[in-house]
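Count along the sequence shown from 1, then add 2; that gives the number in the working numbering.
Glycine included, C-beta positions come from ideal geometry on N, C-alpha and C.
Note that the coordinates shown come from a computational prediction; the quantities given were computed from them, not determined experimentally.
Here the structure comes first, spelled out in structure tokens, and everything after it is commentary.
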Amino acid sequence: MSNNQHILTMLVENEPGVTARVSGLFAGRGYNIETICGAPTANPEMSRITITTKADPERLEQIMKQLRRLVNVIKVRDMTGKKAVKREMALICVKAQPENRPEILRIAETFRGRIVDTGATHYIIEVTGSQGKIDALIGLLEPMGIKKLTRSGVLALYREID
3 MSNNQHILTM LVENEPGVTA RVSGLFAGRG YNIETICGAP TANPEMSRIT
53 ITTKADPERL EQIMKQLRRL VNVIKVRDMT GKKAVKREMA LICVKAQPEN
103 RPEILRIAET FRGRIVDTGA THYIIEVTGS QGKIDALIGL LEPMGIKKLT
153 RSGVLALYRE ID
């Protein structure tokens, strides 16, 4: 993760239009959203939205202040530091010619990926981990021929202090 990339997570009211208001705030101020994930929490009245964005410290402070002013936003945190568990998931459809199949399986296993679909000419691999881990796996599979790829964006939770 580059020095100016930040992971922001927010608890919001689970209501229609909240994600649109959050993303609209970014668009309206000229801030770029690199990834965005949103889903309900254990409390069905709240959702968690996680956004990665690039910003210098001054701009990041402005983003955080503006997010906190949104009516439906309950809590905003910067999860960039090491006190958070951060993961991303990817599905990678790779060409699987007979001569490459053992190598693809070995690479997937090395990254603790799972083959979730097999066809005559492809595998779909599911993998979770850090952005760096997923980037490395993609780099090793590219020579085989990646047909399709989707990534979830980063999800993050602060570590509990026991």
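Per DSSP, cross-strand counterpart(s) of residue i
| i | result |
| --- | --- |
| residue 49 | 14, 42 |
| residue 75 | 14 |
| residue 158 | 88 |
| residue 7 | 56 |
| residue 129 | 92 |
| residue 151 | 94 |
| residue 23 | None; residue 23 has no bridge partner. |
| residue 120 | 125 |
Option nearest residue i by Cα separation, candidates the options
| i | options | result |
| --- | --- | --- |
| residue 155 | 19, 147, 88, 14 | 88 |
| residue 28 | 69, 121, 133 | 69 |
| residue 6 | 17, 31, 57 | 57 |
| residue 128 | 55, 111, 9 | 111 |
| residue 122 | 138, 136, 143, 100 | 100 |
| residue 33 | 44, 55, 107, 74 | 55 |
| residue 24 | 44, 45, 77, 43 | 77 |
Euclidean distance between Cα positions of residue i and residue j
| i | j | result |
| --- | --- | --- |
| residue 162 | residue 83 | 14 angstroms |
| residue 47 | residue 149 | 39 angstroms |
Expected contact under 8 angstroms - CB spacing of residue i and residue j to nearest Å
| i | j | result |
| --- | --- | --- |
| residue 50 | residue 90 | That pair is no contact at about 15 angstroms. |
C-beta neighbour in chain D for residue i, strict 8 angstroms
| i | result |
| --- | --- |
| residue 18 | The structure shown contains no chain D, having only a single protein chain. |
Minimum length 3: unbroken beta strand (DSSP E) runs contained in the region 73 to 110: 75 to 80, 86 to 97
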